[in-house]
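To keep things clear, I will list the structure first and then write my remarks on it.
Residue numbers (the numbering used here), protein chains in the order written: chain A, 901 to 1228; chain B, 901 to 1228.
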């Protein structure tokens, strides 16, 4: 697409995107990287505004993420959660003591009238990050997931046959509380019709040498980013410069429920299924060597297909993938 | 007043009241004790609802208070505050990691629609307290303090002589942030005209064998309790059964700025000044041996005066004082 972009905009979810961004800031000057991050996963809990994907991106690029858990901070302590448990409070969403400070700070700044993008920039600056981290919007955006009723709830169902209605829950209720172990029948994004992309989002997309769709869940990570009015259109206008990285490798999600969710929502859980979703938006799909045999099927959707090693074992592998994405 | 009350209602602020309550639950069955606690000190910070006096009462009676600081929990850790400092967040109001759980729980319960009194009862129950801890009101009540301009702000003053206007601040801004080291020219309670005492407050006052006014700051701890519509009247109706304990001993507050504040607001910083404030409400004032010489002046205000040791060095001393108060 280009011979090395001067600026890159990365549409980002959580873990997979954060790793690619770790590579991006090694493959080019960090200040030339703009992450446009999903906030459909955001949750208000205990009065705090929690932005899991923004935090995963910041903590990961700052090399402060806990490497085993893949979320939250390394060397974390859990005093507040232990005490909250004693009260019978809501503890399924684990908040470490140091991590809590991020939410306390963000919530206070927003109570003071700062938009989420400002609070995010301040948080990134405190972690001494040079890349730009933008929430896709400062307005409210929430991913709602319709899940099948739980088997044990059938007995309490209202219907004569003991069936209960499907349940629409918040993303975190599905992802963390139910541990994404329940089938999904629908996904919806709550977003005001007059919601706008955060300042800088459209400019970053329109002016980037390369627009990257990170290897995040296409439905619940990239989906909400594209659902903000104006974003999908901007990406589509840049189609020839848009490079998506498949989050599906060998028919499986590297992390999380993307494969199952694709299937449950009627898509093929493969790089071809991903290509069909992204073909209207992205000129190129980067797939893993494991899926080389499917390159032709990907190209049949109208996308260029690039095959490389997409498994980001470490920062060096992430840098190599980022370099590849920037030079397709 | 009585020969041992079957129930007692204690109008309470923070530390002094909490110590007396520690004695009360030793001097009589704890379930017969109702603490009616000031919430004028409450503060919203980081999105959390913080009720310092309620927490001091609960933590103290639960013997979980930090004995050196006099606030917060013993064996506390400070990870969240350390991390918040890194963000440049608001850290003058110190919140320990375990203490944070109390605020997280309270805020979530209130977001769920529970009144403050319900959240408080749940918190007290989690600490296995048998006494009843009631916020004086579930409605908004906030103490506002007018403080003299700071000397260094004179240069920024709007007047030609460099004087700046006095500054009205929240109670915690005055008490914690300015470390109650600035002169006070006025105190005001923000309370809706239709604010009501929390469920149980008026009943406790009207049916108690003894109503106790704890040795708390009369202006900023007891003042807000009496400012809730209906409370002052109820206490006045029980005047002959109301026993106040002077927070001033030998002309000094045992803790906090009560002596200075009394003087700054035109009251005498002595047991006589306290008697003049409480005479319309309380039949009896308990003063310390140190003030025995002023007993006649106290009685001249129309109150009975009881002289005893009021310094609550430990739980035994608090129990002895409580016993005395219950049997004046």
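For glycine and all other residues, C-beta sits at the position ideal for the given N, C-alpha and C.
The structure presented is a predicted model; accordingly, all values stated were derived computationally and were not measured.
Between the C-alpha atoms of residue 925 of chain B and residue 1223 of chain B, what's the straight-line distance to the nearest angstrom? 10 Å
Could one say the Cβ of residue 989 of chain A lies closer than 7 Å to chain B's Cβ atoms, at least one of them? yes
Leaving aside the five residues before and after residue 1201 of chain A along the sequence, list all residues of the same chain whose C-beta is less than 6 Å from its C-beta, in chain order. 1175, 1176, 1179
Rank A:1185, A:1218, A:1110, A:1162 by C-alpha distance to the C-alpha of residue 1083 of chain A and give the top, closest one. A:1162
Out of B:1095, B:1152, B:1212, B:1033, which one is the CA nearest neighbour of residue 1170 of chain B? B:1152
Assign residue 1055 of chain B to buried or exposed, taking buried as 16 or more other Cβ atoms, counted over all protein chains shown, within 10 Å of its Cβ. Note that residue 1055 of chain B scores 45 on pLDDT, short of 50, meaning its location in the model is unreliable; the coordinates nonetheless yield the value given after this. By the 10 Å Cβ count, residue 1055 of chain B comes out exposed.
Just to confirm, does residue 1117 of chain B get its C-beta within under 6 Å of one of the non-hydrogen atoms of the ligand MN? Ligands displayed in this structure: none; no statement on the ligand MN is therefore possible.
What residues of chain B sit near residue 993 of chain A, judged by a beta carbon separation below 7 Å? Neighbours of residue 993 of chain A on chain B: none; closest Cβ ~11 Å, over 7 Å.
Compute the Euclidean distance between the alpha carbons of residue 1138 of chain B and residue 1127 of chain B, then round it to the nearest angstrom. 17 Å
Would you call the stretch 1111-1118 of chain B and the stretch 1129-1148 of chain B touching, i.e. three or more CB-CB distances under 8 Å? yes
Can a CB atom of chain B be found closer than 7 Å to the CB of residue 910 of chain A? no
In three-state terms, what does DSSP make of residue 1155 of chain A? coil
Should the stretch 1007-1017 of chain A be called in touch with the stretch 1075-1089 of chain A, which here means at least 3 C-beta pairs below 8 Å? no
Suppose only complete runs of 3+ residues qualify. What are the beta strand (DSSP E) ranges in the stretch 1085-1168 of chain B, listed by chain order? 1110-1113, 1142-1145
Chain A contacts made by the stretch 968-988 of chain B, where a contact means CB separation under 9 Å: 973, 976, 977, 978, 979, 980, 981, 982, 983, 984, 985, 986, 987, 988
From what residue to what residue does the beta strand (DSSP E) around residue 1076 of chain B run? Note, residue 1076 of chain B: premise wrong, no beta strand (DSSP E); not H, not E.
Please list, in chain order, the residues of the stretch 939-963 of chain A that have any C-beta partner in chain B closer than 8 Å. 944, 945, 946, 947, 948, 949
Compute the Euclidean distance between the alpha carbons of residue 1154 of chain B and residue 1211 of chain B, then round it to the nearest angstrom. 8 Å
What did DSSP end up calling residue 1218 of chain A once you bin it into helix, strand or coil? helix
Under 7 Å between C-beta atoms of residue 950 of chain A and residue 943 of chain A: yes
Pull the bridge partners of residue 918 of chain B from the DSSP assignment, please. For residue 918 of chain B, which the question treats as bridged, DSSP gives no partner whatsoever.
Considering only C-alpha positions, which residue in the set A:1091, A:1131, A:918 is nearest to residue 970 of chain A? A:918
Checking 7 Å against the spacing of the C-beta atoms, do residue 1173 of chain B and residue 947 of chain A come in under that value? no
Which residues does DSSP pair with residue 1003 of chain A in a beta bridge? According to DSSP, residue 1003 of chain A bridges with nothing at all.
Going by DSSP, what residues sit across from residue 912 of chain A in a beta bridge? A:937
Using a Cβ-Cβ cut-off of less than 7 Å, give me the residues of the stretch 1034-1048 of chain A that come near chain B, in sequence order. none
On a CA-only basis, which of B:995, B:983, B:1019 is nearest residue 1006 of chain B? Give me that one, please. B:1019
Rounded to a whole number of angstroms, what is the C-alpha to C-alpha distance between residue 901 of chain A and residue 991 of chain A? Here residue 901 of chain A scores only 39 on pLDDT, less than 50, and its place in the model is too uncertain to base an answer on.
I'd like to know if residue 1007 of chain B contacts chain A, where contact means its C-beta is closer than 7 Å to some C-beta of that chain. yes
Could you check whether the Cβ of residue 1026 of chain B sits closer than 7 Å to any Cβ belonging to chain A? yes
Indicate the three-state DSSP secondary structure (helix, strand or coil) for residue 983 of chain B in the structure shown. helix
Reducing DSSP to helix, strand and coil, say where residue 1211 of chain A ends up. coil
In angstroms, rounded to a whole number, what distance separates the CA positions of residue 1203 of chain A and residue 1016 of chain B? 58 Å
Mind pulling the chain A residues with CB within less than 8 Å of residue 1023 of chain B? 987
Would you check if the stretch 1029-1039 of chain A and the stretch 980-987 of chain B touch, i.e. whether three or more CB-CB distances between them fall below 8 Å? no
Interface residues of chain B around residue 1137 of chain A at Cβ under 9 Å? Within chain B, no residue comes near residue 1137 of chain A; the closest Cβ sits about 37 Å away, beyond 9 Å.
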